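Have a look at the structure below, then the notes.
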C-alpha cells in the first residue's frame with residue numbers, strides 16, 4: 001500500500017528546498033507509480049555545480065535525471 005501522506009510531506013520538503021536554494025522554479029513535481037519515485041522538473045536548466053549543490057540540500061537522496069523540455073530533472077526513489 002502506498003503511503004500518500006508521506007509522499008505529500010516529502011514533496012513539500014522538496015519544494016521548500018528548491019524555493020530556498022533557487023527560487024520559485026518548480027515546473028512539475030509528482031509521484032510516479034511506475035518508478036516508485038517522486039519526479040521533479042525545474043523551469044530552468046542548471047549547470048553541473050548547481051545540480052550538485054541542489055542535490056546535497058534535499059532531505060532525501062536525489063539523482064539527477066537529465067534535462068527535460070523545461071529544465072533540469074531530478075528523481076527521488078522511495
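Numbering (our numbering), first residue to last: 1 to 78. We treat Cβ as the ideally placed atom computed from N, Cα and C, and that holds for glycine. Keep in mind that this is a model prediction, so the values were computed, not measured.
If I measure Cβ to Cβ from residue 41 and keep anything under 7 Å in the same chain, skipping five residues before and after, which residues do I get?
The beta carbon of residue 41 sits closer than 7 Å to the beta carbons of 27, 28, 68, 70, 71 and 73 from its chain, once the five residues preceding and following it are set aside; these are given in chain order.
Every unbroken beta strand (DSSP E) within the segment 8-45, with a cutoff of 3 residues, ordered by chain:
The beta strand (DSSP E) runs of length 3 or more contained entirely in the segment 8-45 are, from start to end of the chain, 26-32 and 37-42.
Could you name the residues that DSSP lists as bridge partners for residue 75?
BP columns for residue 75 point to 39 and 63.
Going along the chain, which residues of its own chain have a beta-carbon closer than 8 Å to the beta-carbon of residue 57, five neighbours each way excluded?
Within the same chain, residue 57 has close Cβ partners 17, 20 and 21.
DSSP on residue 51, reduced to helix/strand/coil?
It is helical.
Under a Cβ-count criterion, where at least 16 other Cβ atoms within 10 Å of its own Cβ denotes burial, should residue 62 be classed as buried or exposed?
Looking at its Cβ environment, which holds 16 or more other Cβ atoms inside 10 Å, residue 62 is buried.
Environment of residue 76 [buried if 16+ CB atoms lie within 10 Å]:
Counting Cβ neighbours within 10 Å, residue 76 comes out buried, since at least 16 surround it.
For residue 58, three-class secondary structure by DSSP:
Coil.
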